[in-house]
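Asks: Position 377 of the sequence shown, counted from 1, bears residue number 378 in my numbering, the numbering being contiguous throughout.
A single structure is presented below for examination.
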Amino acid sequence: MKKLLLFTLAISLSMSSYSTHLMGGQITASYISSDSNGSHYLVELDVYRDTLGIQMVLSQNLDIYILDSSFNYTLVSSPNISFGVGGPLSTMSSVYGVEIYHFVDTITFATDGDYVIKWTDCCRNGAIINMSAPLSESMSFATFLKVNSANPNSSPTFLADPVTYLPTNTLWQYNPLPFDPDGDSLAWSMSVPYSGGVNAIPDTVSGYEYLDDTSMYSNAASPFFINPVTGQVSWSAKLVGNFVVSFAINEYRNGNLIGIMSRDMQFVVIPDTSNSMPQISNMQSVPTNSGGYPYIKINPGQNYQLHLLANDADVNDVLDMEAFGAPFGLSVSPANHSVSNTGNGNEIEGVFSWTPDITHISPIPYIVVFRTTDYFFYYDETIQFEVTSEATALTNVQGIQISDIYPNPANNKLFIPISLDKSNNVSIEIYNMIGVQISENNMDLGVGNHVIMKDFDLKSGQYIVVIRDENGTAINTQQLVIVK
2 MKKLLLFTLA ISLSMSSYST HLMGGQITAS YISSDSNGSH YLVELDVYRD
52 TLGIQMVLSQ NLDIYILDSS FNYTLVSSPN ISFGVGGPLS TMSSVYGVEI
102 YHFVDTITFA TDGDYVIKWT DCCRNGAIIN MSAPLSESMS FATFLKVNSA
152 NPNSSPTFLA DPVTYLPTNT LWQYNPLPFD PDGDSLAWSM SVPYSGGVNA
202 IPDTVSGYEY LDDTSMYSNA ASPFFINPVT GQVSWSAKLV GNFVVSFAIN
252 EYRNGNLIGI MSRDMQFVVI PDTSNSMPQI SNMQSVPTNS GGYPYIKINP
302 GQNYQLHLLA NDADVNDVLD MEAFGAPFGL SVSPANHSVS NTGNGNEIEG
352 VFSWTPDITH ISPIPYIVVF RTTDYFFYYD ETIQFEVTSE ATALTNVQGI
402 QISDIYPNPA NNKLFIPISL DKSNNVSIEI YNMIGVQISE NNMDLGVGNH
452 VIMKDFDLKS GQYIVVIRDE NGTAINTQQL VIVK
């Protein structure tokens, strides 16, 4: 009954303007090839609409502009883009009526240059709170793309589906997962959403207010924030209602700005704190880097598995876990993610497994988002994976080097090779698979190579060994199997 009442409330939030329907979307452009006719791109338009509003027209027009020698944008063409697929948005359909419409077509850019791909339609939801006159605002997307046949470029994109439904006064995490297929450097931030206008660069909406305002929209303990390193959004919403945010990505190559794209999204905040938020319960067993971010280093050619457990205080809720990120889309040795019930109440286990290829070595980590849901609320955790050729399992910036523990599987004794560039107090902790600490040993180690022997009396099963430095930073985690 509780969820039925909340669903009714969610409907009422948007009924104030039945004729409006647009909730968000984005434009991406993916390079295909070049020939004498120009550079060919696959252009995709995603539009999210409220199912209570008017129907979406199944063909849309884009406006394409090029920057001329006078640094003015000139309209080149207005191609029609075809409807590809559509249907309920998986991260919203069980609660709030939202559909995604995917339009796709191949477009040829006849000459190299700086282009803007623009789309505009009417209208925004009149229930939106953080702009002054939402009913008078259209919705526009604009993607800035540098086309160079000799140095091809695709636009940035977002890899994770949008999540737009959350409760007030509860910490909520969501990562749209900014990504560039060419490996260009990205910087992301919040921006003022676009409205309409006749120019290549759309007008912005009037009277827009950012959601990090703690006097109106955010609780002071966790104001709306997009992490500049991982892209993860955290927010404890203060006010019930409909809100709009635009996430902008700037794309850089060799220090030069070569592209900009954004995702416009509407958030629906409801006054529900009685439905518990599903979360991963053993995140504390994941190692962190010197910045405090969950961070794992793995070697090419070696299988790495990460076991994450999720549960929900609402014992009757059914849970699921999804994973998003570039490792799943690799053409060679992609990662995979599977989910199963543990048999412990509604607890589930998500297993991330990856045997990276040597071609995946990169100093830039792969960002992976793990999303837990009870099919009502969604909660993201973000982990960075670095594929490295270093012989050791993981090395941190303070000069602590950890090799693989052995034997593994073990019976009652474990050896841990540790190499230090400077003296350090090292903590060795063992956790069971639900994140409960079983043992802890602290020791002062000097410069050099050490092999730490650890005796224990543990039951057969799987455990996590976490090694921390003198600051309490987790610098290494490994899975341990005990066989009696």
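Glycine is no exception: its CB is placed at the ideal position from the N, C-alpha and C atoms.
All values derive from a computational prediction rather than experimental measurement.
Closest to Gly232 by C-alpha separation, out of Phe244, Ala249, Asp122, would be which residue?
Replies: Along the sequence shown, read from residue 1 onward, the residue named residue 232 stands at position 231. Looking at the Cα atoms, Ala249 is the closest of the given residues.
Asks: Taking 8 Å as the cut-off, decide whether the C-beta atoms of Gly260 and Lys119 are in contact.
Replies: Locating residue 260 in the sequence shown gives position 259, counting from the first residue. Locating residue 119 in the sequence shown gives position 118, counting from the first residue. Their beta carbons are not under 8 Å apart, which means Gly260 does not touch Lys119 by this criterion.
Asks: How should Val287 be labelled, buried or exposed, when 16 other C-beta atoms within 10 angstroms of its C-beta is the threshold for buried?
Replies: Position 286 of the sequence shown, counting from 1, holds the residue named residue 287. Buried: at least 16 other Cβ atoms inside 10 Å.
Asks: Do Thr165 and Met24 have their C-beta atoms closer together than 8 Å?
Replies: On the sequence shown, residue 165 is found 164 positions in, with the first residue counted as 1. On the sequence shown, residue 24 is found 23 positions in, with the first residue counted as 1. Cβ distance < 8 Å, so Thr165 and Met24 count as in contact.
Asks: Cα-Cα, which of Tyr376, Ile368, Phe353, Val333 is closest to Thr360?
Replies: Position 359 of the sequence shown, counted from the start, is the residue given in the question as residue 360. With distances taken between Cα atoms, Thr360 lies closest to Val333.
Asks: Helix, strand or coil for Lys485, going by three-state DSSP, please let me know.
Replies: Sequence index remark: in the sequence shown, residue 485 carries index 484 (1-based). In this structure, Lys485 counts as coil in the three-state DSSP scheme.
Asks: From Ala392 to Val467, what does the alpha carbon distance come to, in whole angstroms?
Replies: As a first step, residue 392 must be located in the sequence shown, where it is residue number 391. As a first step, residue 467 must be located in the sequence shown, where it is residue number 466. Any reading at Ala392 must be qualified, since the residue scores a pLDDT of 47, below 50, and its modelled position is unreliable; no value is offered.
Asks: Assuming Ala324 and Val370 form a contact by the criterion Cβ under 8 Å, report the distance between their Cβ atoms to the nearest whole angstrom.
Replies: As a working mapping, residue 324 is identified with position 323 in the sequence shown. As a working mapping, residue 370 is identified with position 369 in the sequence shown. Right, the Cβ-Cβ distance comes to about 7 Å (below 8 Å), so this counts as a contact.
Asks: Kindly identify the DSSP beta-bridge partner or partners of Gln463.
Replies: Position 462 of the sequence shown, counting from 1, holds the residue named residue 463. Partner(s): Val482.
Asks: Would you mind listing the beta strand (DSSP E) stretches within the stretch 125-189 that are 3+ residues and don't spill past its ends, in chain order?
Replies: 140-148, 166-168, 173-175
Asks: Among residues of its own chain, excluding the 5 on either side of Ser192, which ones have a beta-carbon nearer than 8 Å to its beta-carbon?
Replies: Start at 1 with the first residue of the sequence shown, and residue 192 comes out as number 191. Cβ neighbours of Ser192 beyond the five flanking positions: Ser247, Phe248, Ala249, Ser263.
Asks: Helix or strand or just coil, what does DSSP make of His22?
Replies: In the sequence shown, the residue the question calls residue 22 occupies position 21. Three-state DSSP puts His22 in coil, outside helix and strand.
Asks: Quick one: grab the DSSP three-state call for Gly330.
Replies: Counting from one through the sequence shown, the residue named residue 330 turns up at place 329. If DSSP states are grouped into helix, strand and coil, Gly330 belongs with the helices.
Asks: Compare the Cα-Cα distances from Gly462 to each of Asn412, Leu43, Pro224, Asn170 and report the closest residue.
Replies: Numbered from its first residue, the sequence shown carries residue 462 at position 461. Cα-wise, what sits closest to Gly462 is Asn412.
Asks: Are the stretch 415-422 and the stretch 447-456 touching, with three or more C-beta to C-beta distances below 8 Å?
Replies: Short answer: they touch.
Asks: Rounded to the nearest angstrom, how far is the Cβ of Glu138 from that of Ser60, given a contact under 8 Å?
Replies: Taking the first residue of the sequence shown as 1, we reach residue 138 at position 137. Taking the first residue of the sequence shown as 1, we reach residue 60 at position 59. Their Cβ separation, rounded to whole angstroms, is 23 Å, which puts Glu138 and Ser60 out of contact at 8 Å.
Asks: Classify Asn283 as buried or exposed, calling it buried when 16 or more other Cβ atoms lie within 10 Å of its own Cβ.
Replies: As a first step, residue 283 is located in the sequence shown; it is residue number 282 there, counting from the start. It is buried - the Cβ of Asn283 has at least 16 other Cβ atoms within 10 Å.
Asks: Based on Cα-Cα distance, which residue from Ser354, Asp265, Asn347 lies nearest to Tyr49?
Replies: Position 48 of the sequence shown holds residue 49. Comparing Cα positions, the closest option is Asp265.
Asks: If you drop the 5 nearest sequence neighbours on each side, which residues of the same chain put their C-beta closer than 6 Å to that of Pro272?
Replies: Locating residue 272 in the sequence shown gives position 271, counting from the first residue. The residues are Thr169, Val241.
Asks: I'd like to know if the stretch 212-229 and the stretch 179-191 are in contact, where contact means that at least 3 CB-CB pairs between them fall below 8 Å.
Replies: yes
Asks: Should Gln267 be labelled buried (16 or more other beta-carbon atoms within 10 Å of its own) or exposed?
Replies: For this step, residue 267 is matched to residue 266 along the sequence shown. Classification for Gln267: buried.
Asks: What residues match up with Ala221 in a beta bridge as DSSP calls it?
Replies: Position 220 of the sequence shown, counted from the start, is the residue given in the question as residue 221. According to DSSP, Ala221 bridges with nothing at all.
Asks: Compare the beta carbon distance of Phe386 and Pro366 with 8 Å and say whether it is the shorter of the two.
Replies: In the sequence shown, counting from the first residue as 1, residue 386 sits at position 385. In the sequence shown, counting from the first residue as 1, residue 366 sits at position 365. Yes, these two residues count as a Cβ contact at 8 Å.
Asks: What residues are listed by DSSP as bridge partners for Ile261?
Replies: What you label residue 261 is simply residue 260 of the sequence shown in a count that begins at 1. Ile261 is bridged to Phe145, Asn251.
Asks: Which residues in the same chain have their Cβ closer than 7 Å to the Cβ of Leu178, if we skip the five residues on either side of it in sequence?
Replies: In the sequence shown, residue 178 corresponds to position 177, counting from 1. Closer than 7 Å at the Cβ level, and outside the excluded window around Leu178, lie Phe159, Leu160, Ala161, Gly232, Phe325, Gly326, Ile368, Val370.
Asks: Going by beta carbon distance, what residues of the same chain come within less than 7 Å of Gly85, once the five residues before and after it are set aside?
Replies: Residue numbering aside, residue 85 sits at position 84 when the sequence shown is read from its first letter. Excluding positions up to five away in sequence, the list reads His103, Phe104, Val105.
Asks: Quick one: Cα of Asn337 to Cα of Leu310, how far?
Replies: Within the sequence shown, residue 337 is the residue found at index 336, counting from 1. Within the sequence shown, residue 310 is the residue found at index 309, counting from 1. Asn337 and Leu310: Cα-Cα distance of roughly 16 Å.
Asks: My understanding is that Asp321 touches Thr374, with C-beta atoms under 8 Å, so please give their C-beta distance in whole angstroms.
Replies: Here residue 321 corresponds to residue number 320 of the sequence shown, with the count starting at 1. Here residue 374 corresponds to residue number 373 of the sequence shown, with the count starting at 1. Confirmed, Cβ separation roughly 5 Å.
Asks: Do Asn152 and Tyr32 have their beta-carbon atoms positioned less than 8 Å apart in this structure?
Replies: For the purposes of this step, residue 32 is identified with residue 31 of the sequence shown, where counting begins at 1. For the purposes of this step, residue 152 is identified with residue 151 of the sequence shown, where counting begins at 1. For Tyr32 and Asn152, no; Cβs fall outside 8 Å.
Asks: How long is the line joining the alpha carbons of Val199 and Ser207, rounded to whole angstroms?
Replies: Numbered from 1 along the sequence shown, position 198 holds the residue referred to as residue 199. Numbered from 1 along the sequence shown, position 206 holds the residue referred to as residue 207. Between Val199 and Ser207, the C-alpha separation is close to 16 Å.
Asks: Taking Gly449 as the reference, give the member of Ile129, Ser420, Pro135 with the closest Cα.
Replies: The sequence position of residue 449 within the sequence shown is 448, counting from 1. Of the listed residues, the one whose Cα sits closest to Gly449 is Ser420.
Asks: So what does DSSP say about Met322, is it helix, strand or coil?
Replies: Position 321 of the sequence shown, counted from the first residue, corresponds to residue 322. In this structure, Met322 counts as strand in the three-state DSSP scheme.
Asks: Would you identify the three-state DSSP class for Ile297, choosing helix, strand or coil?
Replies: To locate residue 297, count along the sequence shown from 1; it is residue 296. When DSSP states are grouped into helix, strand and coil, Ile297 belongs to the strand group.
Asks: Give the range of the beta strand (DSSP E) segment to which Val230 is assigned.
Replies: Numbered from 1 along the sequence shown, position 229 holds the residue referred to as residue 230. Taken as a continuous stretch (DSSP letters only), Val230 belongs to no beta strand (DSSP E), as it is neither H nor E.
Asks: Could you tell me whether the Cβ atoms of Ile362 and Val245 are closer together than 8 Å?
Replies: Numbered from 1 along the sequence shown, position 361 holds the residue referred to as residue 362. Numbered from 1 along the sequence shown, position 244 holds the residue referred to as residue 245. Not in contact: Ile362 and Val245 (Cβ atoms no closer than 8 Å).
Asks: Which runs of the beta strand (DSSP E) at least 3 residues long sit entirely within the stretch 24-89? Give them in chain order.
Replies: 39-51, 60-62, 64-68, 74-78, 81-89
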